[in-house]
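Residues in the sequence shown are numbered consecutively from 178, following the working numbering.
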Amino acid sequence: MRIFITGVAGFLGSHLADRMLQLGHEVIGNDNFIGGYRDNINPNIEFHEVDCMDLAKMRELTKGCDIIYHCASTAYEGLSVFSPHLVCTNTYQITMSMLSAAIQNKVKRFVYCSSMARYGYQPVYPFTEDMDPKPIDPYGIAKRAAEITIENMARVHKFEYAIAVPHNIIGARQKYDDPFRNVASIMINLMLQGRQPIIYGDGMQMRNFSFVGDCIDCLERMAFQDNVNGEIINIGPDDEFVTINQLAATLGKILNFDVKPMYVADRPMEVKHASCSADKARKLLNYKPQMTLEAGLIDMIDYIRKRGVLPFEYHLEVEIQNEFTPRTWADRLF
Ligand SMILES: NC(=O)c1ccc[n+]([C@@H]2O[C@H](COP(=O)([O-])OP(=O)(O)OC[C@H]3O[C@@H](n4cnc5c(N)ncnc54)[C@H](O)[C@@H]3O)[C@@H](O)[C@H]2O)c1
Numbered sequence: 178m179r180i181f182i183t184g185v186a187g188f189l190g191s192h193l194a195d196r197m198l199q200l201g202h203e204v205i206g207n208d209n210f211i212g213g214y215r216d217n218i219n220p221n222i223e224f225h226e227v228d229c230m231d232l233a234k235m236r237e238l239t240k241g242c243d244i245i246y247h248c249a250s251t252a253y254e255g256l257s258v259f260s261p262h263l264v265c266t267n268t269y270q271i272t273m274s275m276l277s278a279a280i281q282n283k284v285k286r287f288v289y290c291s292s293m294a295r296y297g298y299q300p301v302y303p304f305t306e307d308m309d310p311k312p313i314d315p316y317g318i319a320k321r322a323a324e325i326t327i328e329n330m331a332r333v334h335k336f337e338y339a340i341a342v343p344h345n346i347i348g349a350r351q352k353y354d355d356p357f358r359n360v361a362s363i364m365i366n367l368m369l370q371g372r373q374p375i376i377y378g379d380g381m382q383m384r385n386f387s388f389v390g391d392c393i394d395c396l397e398r399m400a401f402q403d404n405v406n407g408e409i410i411n412i413g414p415d416d417e418f419v420t421i422n423q424l425a426a427t428l429g430k431i432l433n434f435d436v437k438p439m440y441v442a443d444r445p446m447e448v449k450h451a452s453c454s455a456d457k458a459r460k461l462l463n464y465k466p467q468m469t470l471e472a473g474l475i476d477m478i479d480y481i482r483k484r485g486v487l488p489f490e491y492h493l494e495v496e497i498q499n500e501f502t503p504r505t506w507a508d509r510l511f
């Protein structure tokens, strides 16, 4: 099959490209390098450095494709409260461009990477797919709006789709010099530089982390299995919850680093408890995670050590600078 992957220089997109090539598919992809790394790109794919917003180009490149994996996004939940224009353009608007191209070219299935941010505040957790989404920041709202539009367009134009809701993925190739997201990567990059982790609020935010290989297994099935057409599915474990403080402590133990975190004010609109049920993924995708959190973190540390620690790059504009802007960004603490 001919598979198109947006954001193919990114973390998930690049691993997905490797998997699709291993399965014998032809892979074509694009990226505009607002994120990701050039060395993430598998040399055996057909790569185009072009923005998803370029509809004419997307229409041309997706011609003859069987499946589109739409992974591109500026996946910055916290930053979206301060850079809504940047984040929503590269979350909602680019999805409209990809959808339009996909429909025009009669692409069989559209696999969309949504986000747990779609859930927002919920009275109970873990979050299940049948809950009413209540996103609380522009990124989550843009992801949910994209999901609704995909469902809506599929009703009219009769294409297949599947929506993945991954959460907190870890592993090699995640951007680790990005001060705006990826808590585990940021902590590793800091600790390998002999610097203390910086934690928002009291560090008691609960999360669970999933290893990239386990997520790719699910994404693969979401493109090819009949039983997931039209489904929204959480992707990630629901049994190894950790607080951000515990994450820092675990990294300290692995790296033999004496952790004394620097605590800064809460980040506005950060959800305290975020965990998703994996029941539907187990049922429909035979989801069985293979990696523990500790093994996943070790894999990430190996990658960052090999590639080399990097100074943090403030590569995105913080559009709104006021008294609510986190100090980490306003004062460039990382
Ligand atoms: N990594 C996670 O923990 C996680 C969790 C939930 C959801 N997701 C979703 O999965 C997808 C992939 O996430 P990731 O972690 O690989 O992110 P990533 O930042 O590593 O990859 C995204 C890629 O998209 C590219 N991109 C962004 N806007 C673009 C545009 N307009 N045109 C072309 N390329 C563009 C970036 O340059 C980047 O390389 C995203 O949609 C994200 O919202 C990821």
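Heads up, the beta-carbon is just placed ideally off N, CA and C, and yes, glycines get one too. Predicted, not measured: the structure shown is a model, and the values here were computed from it.
Those residues which DSSP pairs with His-334 across a bridge
Position 157 of the sequence shown holds residue 334. Answer is none; His-334 lacks a bridge partner.
Comparing C-alpha positions only, which one of Ala-400, Val-405, Asn-359 and Tyr-246 sits nearest to Phe-386?
Numbered from its first residue, the sequence shown carries residue 386 at position 209. If we check each option's Cα against that of Phe-386, Asn-359 comes out closest.
Measuring CB to CB, does Pro-438 end up less than 8 angstroms from Pro-374?
The residue you call residue 438 lines up with position 261 of the sequence shown. The residue you call residue 374 lines up with position 197 of the sequence shown. Contact: yes.
Taking 7 angstroms as the cut-off, does the CB of Pro-310 come closer than this to any heavy atom belonging to ligand 1?
Taking the sequence shown and counting its residues from 1, one reaches residue 310 at position 133. Checking every heavy atom of ligand 1 against the Cβ of Pro-310, none is found closer than 7 angstroms.
Ile-409 (DSSP reduced to helix, strand or coil):
The count along the sequence shown starts at 1 and reaches residue 409 at position 232. Residue state, collapsed to three classes: strand.
Based on the DSSP secondary-structure assignment, which residues constitute the bridge partners of Asn-345?
As a working note, residue 345 is residue 168 in the sequence shown. Its beta-bridge partners do not exist; DSSP assigns none.
Between Thr-326, Asp-355, Phe-188 and Thr-427, which lies nearest to Cys-248 when the distance is taken from Cα to Cα?
Here residue 248 corresponds to residue number 71 of the sequence shown, with the count starting at 1. Closest by alpha carbon: Phe-188.
Taking Asp-307 as the reference, which of Thr-505, Ala-455 and Leu-487 has the closest Cα?
Residue numbering aside, residue 307 sits at position 130 when the sequence shown is read from its first letter. Among Thr-505, Ala-455 and Leu-487, the Cα nearest to that of Asp-307 belongs to Ala-455.
Which residues mark the beginning and the end of the alpha helix (DSSP H) in which Asn-404 is found?
Start at 1 with the first residue of the sequence shown, and residue 404 comes out as number 227. Counting along the chain, Asn-404 falls outside any alpha helix (DSSP H), and DSSP gives it neither H nor E.
Is the separation between the beta-carbon of Ala-349 and that of Ile-410 shorter than 8 angstroms?
Within the sequence shown, numbered from 1, the residue matching residue 349 stands at position 172. Within the sequence shown, numbered from 1, the residue matching residue 410 stands at position 233. No; because the gap between Cβ atoms is not below 8 angstroms, this pair is not in contact.
Glu-337 versus Leu-510 - alpha carbon distance
Numbered from its first residue, the sequence shown carries residue 337 at position 160. Numbered from its first residue, the sequence shown carries residue 510 at position 333. If you take the alpha carbons of Glu-337 and Leu-510, they lie about 45 angstroms apart.
Compare the C-alpha of Glu-223 against each of Thr-183, Tyr-253 and Gly-255 and name the closest.
Locating residue 223 in the sequence shown gives position 46, counting from the first residue. Nearest C-alpha to Glu-223: Thr-183.
The beta strand (DSSP E) with Asn-207 in it runs from where to where?
The count along the sequence shown starts at 1 and reaches residue 207 at position 30. Start and end: 203 to 208.
For His-247: DSSP bridge partner residues:
By 1-based counting over the sequence shown, the position of residue 247 is 70. Answer is Thr-183 and Tyr-289.
Answer yes or no: the CB of Ile-421 versus the heavy atoms of ligand 3, is any distance below 7 angstroms?
With respect to ligand 3, the structure offers nothing, as its ligand set consists of ligand 1.
Would you call the region 266 to 274 and the region 320 to 340 in contact, with 3 or more CB pairs under 8 angstroms?
Put simply, the region 266 to 274 touches the region 320 to 340. At least three CB pairs are less than 8 angstroms apart.
Quick check on the DSSP output: the beta strand (DSSP E) that includes Ile-211 runs from which residue to which?
Your numbering for residue 211 matches position 34 in the sequence shown. Premise fails: Ile-211 is in no beta strand (DSSP E) and is neither H nor E.
Beta-carbon within less than 7 angstroms of Gly-473's beta-carbon, same chain only, minus the 5 sequence neighbours each way: which residues are those?
For the purposes of this step, residue 473 is taken as residue 296 along the sequence shown, with counting starting at 1. So the list reads Ile-347, Gly-348, Phe-386 and Phe-388, once near-sequence residues are dropped.
Beta strand (DSSP E) segment containing Val-301, residue limits
Counted from its first residue, the sequence shown places residue 301 at position 124. From DSSP, Val-301 is part of no beta strand (DSSP E); its letter is neither H nor E.
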